[in-house]
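Chemist: Residue numbers (the UniProt record's numbering), protein chains in the order written: chain A, 1 to 378; chain B, 1 to 108.
Every residue gets a Cβ at the ideal spot worked out from N, C-alpha and C, and that includes glycine.
None of these values were measured; they are calculated from a predicted model.
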Amino acid sequence: MIHKDVLVIGAGPSGLSAAIEAGKAGADTLLVDLNLKAGGQLFKQIHKFFGSSAHHSGTRGYEIGSLLLKQARDAGVEIWLQSTVIGIFPGGKVGIERGLDNGEKDLVTLKAKTIIIATGASENAIRFKGWTTPGVMGAGAAQTMVNVNHVRPGENIVMIGSGNVGLIVSYQLMQAGCNVVALLEAAPKVGGYSVHAAKIRRAGVPIYTSRTIIEALAGEDGSVCGCVTAAVDDHFQPVPGTEETLKCDVITLATGMKPTMDLVKLAGCALKFHGPLGGYVPIHDERLETSVKGVFVAGDSTGVEEANTALDEGKIAGISAAEELGYISHEDADAMRSEIWSRLDSLRLGPFGERRMKEKKAMMEEYSETVKVPAAFQ
Amino acid sequence: MGERIENHIILDCKPAGQKIQITVDGKKIPAYDGEPILSALLAAGIKINRYTVKRHEPRGLFCGIGQCTDCAMVVDGIPNVRTCITPAHDGMVVETQDGLSKEVRHDS
Ligand SMILES: Cc1cc2nc3c(=O)[nH]c(=O)nc-3n(C[C@H](O)[C@H](O)[C@H](O)COP(=O)(O)OP(=O)(O)OC[C@H]3O[C@@H](n4cnc5c(N)ncnc54)[C@H](O)[C@@H]3O)c2cc1C
Ligand code: FES
């Protein structure tokens, strides 16, 4: 059986930076991701990032991804792509469907002394008549097609949801040559930053607030040919008589994300519901250790946030895992962590950030009250 | 219908892999070596990947990152292959999947 000091699951910004820290400290580190490319969400993002220079502001997402990948290789991290973690078993045993160079898959079991779960978040779908019709897809799926694979998912797009993801992806679809027919928002006002919304409006795309989709229409070939929208009342219920039909061949859903919980559940980590963080999240302490000893979490899988916070949380998890194994002293680890925490606090400002910061702090308090000392792997 | 992006204001869209051919339901379509099978299908205007088991409803690209299995097809005789995260190679034979497609596994 393969033995590793640190197994990092997920090669998004949080997993990459966790692996870099653990590798730099001297831990024998393996980074696993199911995708063809490392970088997680970063690889689909082609806009320049906000934030401070410590967080690569002004650099485009996919460039940050490549930079981190190189740093991970330099830190001696072993990287398996196209490899999916399919199970976590008692005693830190992990089942991986490993992708081989010849395209085949191999089932591998390995034992890791510490595990960092950085599997990110998945998109929420909303249900309406015809929502499974080919042509209805997540906004992230459309973004992956244009920005990573350089293929348009269709010509005429109706975007549902006006949070930052809906706004940014609409803009990027236009940059790729698609026509964004309209953006629908059920709430009375736009959810994302007004700079992003202004860009969309300037390009002539109508944003309809207090309006939602009620049906996807399928054409003869079975895929989307349009949609029916309706105004909604104060309780988000469609108002009869306000229906309108839009022609489109793609409907993209940007209706929020939730942390992926499959692996933390398998590892037996205690979960708690935190609405502002996107749903159920594994509770953790300041070292990002969960209720299970040696199992750490970082990034969107501990609450949906941003690439910058994911990068910093990943660092903390990597440092803590290396500390757990004795590669970094407790004093050094504490000092490194407190510097990162103060940076994280300054990142988590503004209307969205502050709410999440409060929620994270409440969650860490719950941890110190209920978990106190993490339990050994069951 | 989807098509390939040739000129992009930010991205360099030159394909990384060589031009190849794959066969989809008996028809040859062009692809680039190593790109997800699904990209080649979209570029060729193919939006339906499979039909569901019970109600025989069409499904296509939904998550694009290997999480939902809506894009599963029969690839070189193997059913349930997620085409959004499986790279294309020259001569691959891809078929629209009907239900669980157990028959294909038995035939081959
Ligand atoms: C449209 C959009 C715009 C954004 N814009 C910004 C912005 O301007 N600024 C900003 O700071 N942030 C932005 N973000 C947010 C940012 O991209 C995410 O918060 C960040 O990528 C989260 O990082 P992560 O490492 O936690 O997860 P991810 O990047 O999602 O990575 C998780 C990885 O885990 C892998 N994985 C999952 N399960 C398994 C498994 N079982 N086995 C193996 N691998 C697995 C996945 O393949 C994936 O690569 C944006 C996000 C979106 C969608
Ligand atoms: S589209 Fe969801 S798995 Fe491929």
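#1: Expressed to the nearest angstrom, what Euclidean distance is found between the alpha-carbon atoms of Arg127(A) and Ile214(A)?
#2: Which residues does DSSP pair with Arg50(B) in a beta bridge?
#3: When the cut-off is 8 Å and only beta carbons count, does Asn147(A) lie next to chain B?
#4: Are the region 317 to 330 of chain A and the region 289 to 298 of chain A in contact at 8 Å, needing three or more beta carbon pairs?
#5: Hey, out of Val304(A), Gly278(A), Phe273(A) and Val264(A), whose CA is closest to Val8(A)'s CA?
#6: Taking 7 Å as the limit between beta carbons, can you name the residues of its chain near His106(B), skipping five residues before and five after?
#7: Please classify Leu69(A): is it buried, with 16 or more other beta-carbons within 10 angstroms of its beta-carbon, or exposed?
#8: The region 173 to 185 of chain A: which residues have C-beta closer than 7 Å to a C-beta of chain B, in chain order?
#9: If I measure Cβ to Cβ from Ala176(A) and keep anything under 7 Å in the same chain, skipping five residues before and after, which residues do I get?
#10: Identify whether His284(A) lies in helix, strand or coil by the three-state DSSP scheme.
#11: Per DSSP, Asp106(A) forms a beta bridge with which residues?
#12: Distance, Cα to Cα, Leu277(A) vs Gly99(B)?
#13: Buried or exposed: Met1(B), going by 16 or more other Cβ atoms within 10 Å of its Cβ?
#14: With distance defined between alpha-carbon atoms, name the residue in Leu173(A), Ala139(A) and Thr144(A) nearest to Ile160(A).
#15: Identify which residue in Lys293(A), Val281(A) and Thr29(A) has its Cα closest to the Cα of Glu305(A).
#16: Any beta carbon of chain B sitting closer than 8 Å to that of Arg202(A)?
#17: By alpha-carbon positions, which one of Pro90(A), Met261(A), Thr109(A) and Leu311(A) ends up nearest to Gly294(A)?
#18: Where do the N-terminal and C-terminal ends of the alpha helix (DSSP H) with Gly166(A) fall, by residue?
#19: Within a Cβ cutoff of 6 Å, which residues of the same chain sit near Arg34(B), ignoring the five residues on either side of it in sequence?
#20: Rounding to the nearest angstrom, what Cα-Cα distance links Thr144(A) and Cys269(A) in this structure?
#21: Per DSSP, what kind of secondary structure is Ile85(B) in: helix, strand or coil?
#22: Can you tell me whether Val264(A) is helix, strand or coil according to DSSP?
#23: Looking at C-alpha atoms only, which residue of His274(A), Asp249(A), Glu354(A) and Glu313(A) is the closest neighbour of Gly135(A)?
#24: Let's test the definition: count the other Cβ atoms within 10 Å of the Cβ of Phe273(A) and tell me whether it reaches 16, buried, or not, exposed.
#25: May I have the straight-line CA-CA distance separating Thr212(A) from Cys227(A), to the nearest angstrom?
#26: Go through its chain and collect everything with a Cβ distance to Gly39(A)'s Cβ below 6 Å, but skip five positions before and after it.
#27: Applying the criterion that 16 or more other CB atoms from any shown protein chain within 10 Å of the CB defines a buried residue, is Arg55(B) buried or exposed?
#28: What's the C-alpha gap between Pro351(A) and Thr96(B)?
#29: Between the region 296 to 303 of chain A and the region 9 to 20 of chain A, can you find at least three pairs of beta-carbon atoms closer than 8 Å?
#30: Let me check one thing: in DSSP terms, what residues is Gly318(A) bridge-paired to?
#31: Name the DSSP bridge partner or partners of Val6(A)?
#32: Specify the secondary structure class of Gln71(A) as computed by DSSP and reduced to three states.
#33: Under 8 Å between beta-carbons, which chain A residues line up against Pro87(B)? List them in chain order, please.
#34: Output needed for Gly92(A): all residues of its chain with C-beta closer than 6 Å, excluding positions within five of it in sequence on either side, in chain order.
#35: Any beta carbon from chain A within less than 8 Å of Glu95(B)'s own beta carbon?
#36: What is the DSSP secondary structure of Tyr32(B), counted as helix, strand or coil?
Modeler: According to the data block:
#1: 9 Å
#2: Arg59(B) and Gln97(B)
#3: yes
#4: yes
#5: Val264(A)
#6: Confidence is the limiting factor: at His106(B) the pLDDT is only 44, short of 50, which leaves the residue's position unreliable, though a coordinate-based value still follows. Taken in chain order, the list of residues that qualify is empty.
#7: buried
#8: Gln175, Ala176 and Gly177
#9: Val146 and Arg152
#10: coil
#11: Arg98(A)
#12: 37 Å
#13: Unreliable placement is indicated for Met1(B), whose pLDDT of 49 sits below 50; the coordinate value is still reported in the next sentence. So Met1(B) counts as exposed.
#14: Ala139(A)
#15: Val281(A)
#16: no
#17: Pro90(A)
#18: Asn164 to Gln175
#19: Correcting the residue type first, residue 34(B) is Gly in the shown sequence and not Arg. So the qualifying residues of the chain are Gly17 and Pro87.
#20: 31 Å
#21: coil
#22: helix
#23: Asp249(A)
#24: exposed
#25: 10 Å
#26: Gly65
#27: exposed
#28: 47 Å
#29: yes
#30: Its beta-bridge partners do not exist; DSSP assigns none.
#31: Thr29(A) and Thr114(A)
#32: helix
#33: Leu36 and Gly103
#34: Lys111, Ala112 and Phe377
#35: no
#36: strand
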